[in-house]
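K.L.:
Before anything else, here's the structure in question.
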Ligand SMILES: O=C(O)C(=O)C[C@H](CCCc1ccccc1)C(=O)O
Ligand SMILES: [Zn+2]
């Protein structure tokens, strides 16, 4: 155990960014404050729970190699450390026929877990990095199914019910090479993010930081992803980035981070921290009763619907800006 202020990791294993971050609260799972924060759509790390006890430190890369099953799994390859997600269905969409060229930053392939682990063991700097991202399904081996069944579904389901979330949609199994980064993005689902092996640094920003994180247009394959390169922010193009209000935590095996719907999050596997294993629990949001004042994430949802409608009706995305400018300048500004 490498110790740094009684933590099992060192600060120089974290990548350096130009921003200062607050700390996400880390609370014992019996603390009633957890439900207060979830109700307020605010992040919290749930400690000491047995939510994923059956998998904590058990789902090691070696155990997964033995028990994940022999069907191929989805693996992304990247030239660098960033694995920026893109929606394949938006690459060739009509709105992109206006000559917006898109080069996918990662390659998606299918690999057997054994080949994936072998590649990880033999990896050399300069080679493509690897990131296995596979929804857990009935193709996994029986021992993994047993572990999955033994998650503390009672605790999770009680939270889902209490906070009126919609149904569980998927559990994504994430096996990351050390040092990999999933750049800043938001999802439209509630998320219990469970860390099983190794350490991941998670930086979160509230939905109200929309103006600081500059998401790609909704029709773009990188919809929901920030346009800002955290490693080299372009303050000319993205001046508000310097005032983003991030908060962070490093999740350890057994920690469960609640990533509220529409909250931005950047996730990195610690450098020189070894292969990491996580599993997330994505839930559809519940039925939104529009109370006033509107929540910050509801405003984001409204702007997204407006944007989609305008792109749909104007066809050419280049007309959206001028139309909105003419509509609000001098009238609403
Ligand atoms: O659990 C989450 O929401 C995360 O972002 C975790 C993240 C990988 C997610 C990959 C991804 C991003 C966007 C759409 C579909 C898949 C990580 O842990 O590296
Ligand atoms: Zn995400």
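Numbering (this note's numbering), first residue to last: 375 to 707. Ideal Cβ positions, reconstructed from N, Cα and C, are used throughout, including at glycine.
DSSP puts residue 574 in a beta bridge; with which residues?
P.N.:
Beta-bridge pairing links residue 574 to 625, 643.
K.L.:
For residue 434, which of 662, 404, 691, 570 has the nearest alpha-carbon?
P.N.:
If we check each option's Cα against that of residue 434, 570 comes out closest.
K.L.:
Just to confirm, is the Cβ distance from residue 515 to residue 658 under 8 Å?
P.N.:
No, they are not a contact pair.
K.L.:
By the DSSP assignment, the beta strand (DSSP E) with residue 653 in it spans what residues?
P.N.:
Start and end: 650–658.
K.L.:
For residue 459 and residue 559, which I take to be in contact (beta-carbon distance under 8 Å), what is that distance rounded to the nearest angstrom?
P.N.:
Right, their Cβ atoms sit about 6 Å apart.
K.L.:
Residue ranges of each beta strand (DSSP E) run of no fewer than 3 residues wholly in the stretch 473–547, ordered along the chain?
P.N.:
Segments of the beta strand (DSSP E) lying fully in the stretch 473–547: 480–485, 503–509, 542–544.
K.L.:
Counting only the same chain and skipping the five closest in sequence on each side, list residues whose C-beta sits under 6 Å from that of residue 465.
P.N.:
Excluding sequence neighbours, residue 465 sits near 476, 595.
K.L.:
Kindly give me the distance between the Cβ atoms of residue 612 and residue 601, rounded to whole angstroms, as I take these residues to be in contact under 8 Å.
P.N.:
Contact flag correct, Cβ pair sits at about 7 Å.
K.L.:
Please report the distance separating the alpha-carbon of residue 610 from that of residue 697.
P.N.:
Cα to Cα, residue 610 sits roughly 24 Å from residue 697.
K.L.:
Note the first and the last residue of the continuous beta strand (DSSP E) segment covering residue 613.
P.N.:
That residue, residue 613, is in no beta strand (DSSP E); it is neither H nor E in DSSP.
K.L.:
Which residues in the same chain as residue 607 place their Cβ atom closer than 7 Å to its Cβ, once the five residues preceding and following it in sequence are excluded?
P.N.:
The answer, listed in chain order, is 392, 615.
K.L.:
Within the present structure, is the beta-carbon of residue 401 separated from the nearest heavy atom of ligand 1 by less than 7 Å?
P.N.:
Residue 401 Cβ: outside cutoff for every heavy atom of ligand 1.
K.L.:
Excluding five sequence neighbours on each side, which residues of the same chain lie with their C-beta closer than 7 Å to the C-beta of residue 409?
P.N.:
Counting only Cβ-Cβ distances below 7 Å, and skipping sequence neighbours, we find 536.
K.L.:
Helix, strand or coil, according to DSSP, for residue 390 in the structure here?
P.N.:
Residue state, collapsed to three classes: coil.
K.L.:
Does the distance between the C-beta of residue 561 and the nearest non-hydrogen atom of ligand 2 fall short of 7 Å?
P.N.:
Answer for residue 561: yes, Cβ within range of ligand 2.
K.L.:
Could you round the C-beta distance between residue 685 and residue 674 to whole angstroms and report it? I think they count as a contact, below 8 Å.
P.N.:
Not quite, the Cβ-Cβ distance comes to about 16 Å (not below 8 Å), so this is no contact.
K.L.:
At a cut of 8 Å, does the stretch 561–579 reach the stretch 630–649 through at least three beta carbon pairs?
P.N.:
Touching, yes, given that three or more Cβ pairs across the two stretches are closer than 8 Å.
K.L.:
Whose C-beta lies closer than 8 Å to the C-beta of residue 563 among residues of the same chain, with five residues either side of it excluded?
P.N.:
Once the five neighbours on either side are set aside, the close Cβ partners of residue 563 are 543, 635, 656, 657, 658, 659.
K.L.:
With distance defined between alpha-carbon atoms, name the residue in 396, 399, 418 nearest to residue 565.
P.N.:
Closest option to residue 565, Cα to Cα, is 418.
K.L.:
Give me the Cα-Cα distance between residue 572 and residue 463, rounded to the nearest whole angstrom.
P.N.:
Going by the C-alpha atoms only, they are around 33 Å apart.
K.L.:
Would you tell me roughly how many angstroms separate the C-alpha atoms of residue 530 and residue 402, rounded to the nearest one?
P.N.:
Going by the C-alpha atoms only, they are around 15 Å apart.
K.L.:
Grab me the residues of residue 483's own chain with a C-beta within less than 7 Å of its C-beta, minus the 5 sequence neighbours each way, in chain order.
P.N.:
Excluding sequence neighbours, residue 483 sits near 449, 451.
K.L.:
Pick helix, strand or coil for residue 632, following the three-state DSSP scheme.
P.N.:
DSSP places residue 632 in strand when its eight states are reduced to three.
K.L.:
State the CB to CB distance for the pair residue 568 and residue 653, rounded to an integer number of angstroms; the pair is presumed to be in contact (CB under 8 Å).
P.N.:
Yes, they are in contact, since the Cβ atoms of residue 568 and residue 653 sit about 5 Å apart, within 8 Å.
K.L.:
Is residue 491 buried or exposed, if buried means 16 or more other CB atoms sit within 10 Å of its CB?
P.N.:
With 16 or more Cβ atoms within 10 Å of its Cβ, residue 491 is classed as buried.
K.L.:
Please name the residue, chosen from 457, 447, 707, 532, that lies closest to residue 512 on a Cα-to-Cα basis.
P.N.:
Nearest option by C-alpha distance: 447.
K.L.:
CB-CB under 8 Å to residue 552, same chain, minus the five flanking residues each way: which ones, in chain order?
P.N.:
Cβ within range, chain order: 572, 643, 644, 645, 646, 647, 648, 649, 650.
K.L.:
Taking 7 Å as the line, does the beta carbon of residue 639 fall inside it for any heavy atom of ligand 2?
P.N.:
Yes, the Cβ of residue 639 comes within 7 Å of a heavy atom of ligand 2.
K.L.:
What span of residues does the beta strand (DSSP E) with residue 451 cover, start to end?
P.N.:
Residues 447–452.
K.L.:
With a threshold of 16 other CB atoms inside 10 Å of the CB of residue 630, please say whether the residue is buried or exposed.
P.N.:
Residue 630 comes out buried.
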